[in-house]
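Q: If you scroll down you'll find the structure; I have some questions about it.
Protein chains: 2
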Amino acid sequence: MNDLQWDVIGNRVRSARVAAGISARELARRIGVSPSHVSQVERGIGAFSVPALYAAAREIDISLHDLFDPPQEAPPAPAPATLQDLDADGVVQRAGQHPTIQLSDGPRWSRLNVAAEADAEFLEVIYQPGTRVLPDYIRHEGREYGIVISGALDVEVDGVRTTLNAGDSIVFDSQRPHRFWNESEAEVRAIWFVRDSEPGDAAPHA
Amino acid sequence: MNDLQWDVIGNRVRSARVAAGISARELARRIGVSPSHVSQVERGIGAFSVPALYAAAREIDISLHDLFDPPQEAPPAPAPATLQDLDADGVVQRAGQHPTIQLSDGPRWSRLNVAAEADAEFLEVIYQPGTRVLPDYIRHEGREYGIVISGALDVEVDGVRTTLNAGDSIVFDSQRPHRFWNESEAEVRAIWFVRDSEPGDAAPHA
DNA sequence: AACACTGTTCAGTGGCACGATACATTGAGT
DNA sequence: ACTCAATGTATCGTGCCACTGAACAGTGTT
Numbered sequence: 012m013n014d015l016q017w018d019v020i021g022n023r024v025r026s027a028r029v030a031a032g033i034s035a036r037e038l039a040r041r042i043g044v045s046p047s048h049v050s051q052v053e054r055g056i057g058a059f060s061v062p063a064l065y066a067a068a069r070e071i072d073i074s075l076h077d078l079f080d081p082p083q084e085a086p087p088a089p090a091p092a093t094l095q096d097l098d099a100d101g102v103v104q105r106a107g108q109h110p111t112i113q114l115s116d117g118p119r120w121s122r123l124n125v126a127a128e129a130d131a132e133f134l135e136v137i138y139q140p141g142t143r144v145l146p147d148y149i150r151h152e153g154r155e156y157g158i159v160i161s162g163a164l165d166v167e168v169d170g171v172r173t174t175l176n177a178g179d180s181i182v183f184d185s186q187r188p189h190r191f192w193n194e195s196e197a198e199v200r201a202i203w204f205v206r207d208s209e210p211g212d213a214a215p216h217a
Numbered sequence: 012m013n014d015l016q017w018d019v020i021g022n023r024v025r026s027a028r029v030a031a032g033i034s035a036r037e038l039a040r041r042i043g044v045s046p047s048h049v050s051q052v053e054r055g056i057g058a059f060s061v062p063a064l065y066a067a068a069r070e071i072d073i074s075l076h077d078l079f080d081p082p083q084e085a086p087p088a089p090a091p092a093t094l095q096d097l098d099a100d101g102v103v104q105r106a107g108q109h110p111t112i113q114l115s116d117g118p119r120w121s122r123l124n125v126a127a128e129a130d131a132e133f134l135e136v137i138y139q140p141g142t143r144v145l146p147d148y149i150r151h152e153g154r155e156y157g158i159v160i161s162g163a164l165d166v167e168v169d170g171v172r173t174t175l176n177a178g179d180s181i182v183f184d185s186q187r188p189h190r191f192w193n194e195s196e197a198e199v200r201a202i203w204f205v206r207d208s209e210p211g212d213a214a215p216h217a
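Protein chains in written order, with my numbering: chain A, 12 to 217; chain B, 12 to 217.
Pasting the structure below:
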């Protein structure tokens with residue numbers, strides 16, 4: 012009967028825990044077990060009891076169903092037109108091939124997704140030194156995710172400003188007033204993902 | 012730790028078993044435990060282990076979610092309070108602060124969004140040289156957007172493979188079989204955005 | 001009188017779910 | 001350099017409880 016594969020379940024626990032942003036020790040404390048045991052479980056050399064598993068699933072925000080039977084597609088059915096060539100089929104886009112917009116006296120935007128999509132934009136943005144602030148840019152529903160690849164980017168969100176250095180990331184709702192500029196001497200390179208969401212389907216969890 | 016109330020769970024097991032029309036002995040035989048143990052569990056003076064509970068839930072046709080009480084509802088929605096500090100308020104996350112997971116013999120994931128979100132992940136992934144493919148990682152509905160920051164990443168989507176060099180980007184639906192690995196001598200750094208979408212509102216595409 | 005089912009009881013045990021305590025590593029702050 | 005405070009991991013050990021086995025009693029059949 013013991014056909015449960017604790018190692019893959021442990022992997023899912025670890026993934027969900029990291030996704031929830033808590034450490035193994037913190038999880039252990041919350042569910043009342045020792046850190047070593049959490050480590051063992053996540054690496055497949057131990058297993059949670061039912062109460063521990065239930066408590067853990069709560070803390071790391073994963074349903075028991077997803078722990079045991081993660082959503083997976085049916086292999087026979089999909090047949091979504093097999094790809095031929097990743098470049099020709101619009102999956103891959105090469106550096107330098109991205110459609111680019113150079114705003115006058117502003118940053119340079121390159122759209123990284125090949126085909127335009129209604130509700131999502133994947134962008135590389137280059138802010139030249141001294142790039143001026145865009146006064147008030149389009150206000151839209153959604154959420155923005157960014158990471159600075161190189162350089163130092165000055166940001167202001169909701170009236171609060173800070174400086175993002177290489178590796179720093181930022182996430183905020185688009186309706187907050189926000190602007191970015193580059194006060195440094197070097198150009199700034201950043202990756203942005205902007206998702207437009209219809210009002211009403213906001214993720215309803217803590 | 013939350014003391015699971017085994018008696019009420021046992022009651023649900025019994026109800027579901029009777030509703031499924033099988034005897035306790037039959038259930039015991041199917042899940043590989045003794046009849047006495049099933050009896051004890053159903054009367055709350057014993058408890059199933061995780062594998063037994065999982066197997067039992069299958070046999071008596073009840074979801075694990077229904078076995079345990081409806082967990083809990085989310086706390087009241089926070090007001091859109093004005094931000095005070097971009098770092099403290101979970102908008103900005105500094106380099107090196109990202110929660111990171113190192114899969115054994117696999118890539119290293121860092122979550123770039125500060126708080127976990129139900130339907131979106133913003134990730135930096137470092138593929139060490141020679142990183143092997145993880146065959147059985149979580150398969151989800153949605154769409155993935157990636158750009159290689161440095162190094163050369165080998166990708167295979169829908170059975171077609173190519174190599175992404177620095178600056179190359181890729182976008183595809185998650186349900187296409189896909190994997191990534193690093194055949195080069197240098198580590199690869201990439202930024203990913205993975206959006207999970209509930210089946211049903213998928214954007215129509217080829 | 002057997003059967004053939006049903007669920008229940010209870011003493012007993014083996015395994016594993018767990019803890020205590022170590023260690024290695026990394027990043028931040030002297 | 002040296003802490004200090006985190007992180008995850010390794011190893012050894014043990015107490016408990018998930019489970020068994022063999023009994024028990026009841027209810028219909030034939």
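We put the beta carbon where it would ideally sit given N, CA and C, even for glycine.
Thinking just about the alpha-carbon of each residue, which of B/Gly55, B/Ala131, B/Ser34, B/Ala58 is nearest to the one in A/Ala30?
A: Selected option, being the one with the closest Cα: B/Ala131.
Q: Strictly under 7 angstroms for the Cβ-Cβ distance: is A/Gly21 near chain B by that measure?
A: No, A/Gly21 does not count as interfacial toward chain B.
Q: How close, in whole Å, do the beta carbons of A/Val166 and A/Phe191 come, if the pair is a contact with beta carbons under 8 angstroms?
A: Sure, about 5 angstroms apart at Cβ, within 8 angstroms.
Q: Please classify A/Pro180: is it buried, with 16 or more other beta-carbons within 10 angstroms of its beta-carbon, or exposed?
A: Going by the sequence as given, residue 180 of chain A is Ser instead of Pro. The residue is buried, with at least 16 neighbouring Cβ atoms inside 10 Å.
Q: Reducing DSSP to helix, strand and coil, say where A/Glu135 ends up.
A: A/Glu135: strand per DSSP, three-state reduction.
Q: Of all the options A/Val168, A/Ser195, A/Leu164, which has the alpha carbon lying nearest to the alpha carbon of A/Ala201?
A: If we check each option's Cα against that of A/Ala201, A/Leu164 comes out closest.
Q: Give the residues from the region 36-55 of chain B that approach chain A closer than 8 angstroms (Cβ to any Cβ), ordered along the chain.
A: Answer set for the region 36-55 of chain B: Ile42, Gly43, Val44.
Q: Given that A/Phe59 touches chain B, what residues does it touch there, using C-beta distances under 9 angstroms?
A: Those within 9 angstroms of A/Phe59 in chain B are Val61.
Q: Could you list which residues in chain B have their beta carbon closer than 9 angstroms to that of A/Ala163, in chain order?
A: Here the premise fails: no neighbours, minimum Cβ distance about 12 angstroms.
Q: Over the uninterrupted beta strand (DSSP E) stretch that includes B/Asp165, give me the two end residues.
A: Its beta strand (DSSP E) spans residues 164-168.
Q: List the residues of chain A that B/Phe191 touches, going by C-beta distances under 7 angstroms, in chain order.
A: The premise fails here: B/Phe191 is roughly 12 angstroms from chain A at the closest Cβ pair, so nothing lies under 7 angstroms.
Q: Less than 7 angstroms between the beta carbons of B/Gly162 and B/Glu194, yes or no?
A: No; because the gap between Cβ atoms is not below 7 angstroms, this pair is not in contact.
Q: Which term fits A/Arg154, buried or exposed, when burial requires 16 or more other beta carbons within 10 angstroms of its beta carbon?
A: Buried is the call here.
Q: Taking Cβ positions, are A/Glu70 and A/Val24 nearer each other than 7 angstroms?
A: No; because the gap between Cβ atoms is not below 7 angstroms, this pair is not in contact.
Q: Here's a check: name, in chain order, each residue in its chain whose Cβ is nearer than 7 angstroms to the Cβ of B/Val49, leaving out the five neighbours to either side.
A: Ala35, Leu38, Ala39.
Q: Beta-carbon of B/Ile160 versus every beta-carbon of chain A: anything under 7 angstroms?
A: Yes - at least one Cβ of chain A is within 7 angstroms of the one on B/Ile160.
Q: In angstroms with no decimal places, state the Cα-to-Cα distance between B/Leu175 and A/Gln16.
A: Roughly 34 angstroms separates the two Cα atoms.
Q: Here's a check: name, in chain order, each residue in its chain whose Cβ is nearer than 7 angstroms to the Cβ of A/Ser45, leaving out the five neighbours to either side.
A: Answer for A/Ser45: Ala39, listed in chain order.
Q: What is the C-beta distance between B/Ala66 and B/Leu75, in whole angstroms, given that I count them as a contact (C-beta under 8 angstroms)?
A: So it is not a contact: roughly 11 angstroms between Cβ atoms.
Q: Whole angstroms are fine: how far does the CA of A/Glu196 sit from the CA of A/Gln139?
A: Each residue's alpha carbon lies about 8 angstroms from the other.
Q: Pop quiz: A/Asp18 and A/Gly43 are said to be a contact at Cβ under 8 angstroms. What is the actual Cβ separation, rounded to whole angstroms?
A: 23 angstroms between Cβ atoms; not a contact.
Q: Just the chain A side, please: which residues come within less than 8 angstroms of B/Val136 by C-beta, in chain order?
A: Those within 8 angstroms of B/Val136 in chain A number zero; the least Cβ separation is about 12 angstroms.
Q: Give me, in chain order, the residues of the same chain whose beta-carbon lies closer than 7 angstroms to that of A/Ile160; leave out the 5 immediate sequence neighbours on both sides.
A: If we look at A/Ile160 and ignore the five residues flanking it on each side, its Cβ neighbours are Ala177, Arg200, Ala201, Ile202.
Q: Does the beta-carbon distance from A/Val171 to A/Phe183 come in below 7 angstroms?
A: It is not a contact, given that the beta carbons lie outside the stated cut-off.
Q: Secondary structure at A/Glu70, three-state DSSP: helix, strand or coil?
A: Correct three-state label for A/Glu70: helix.
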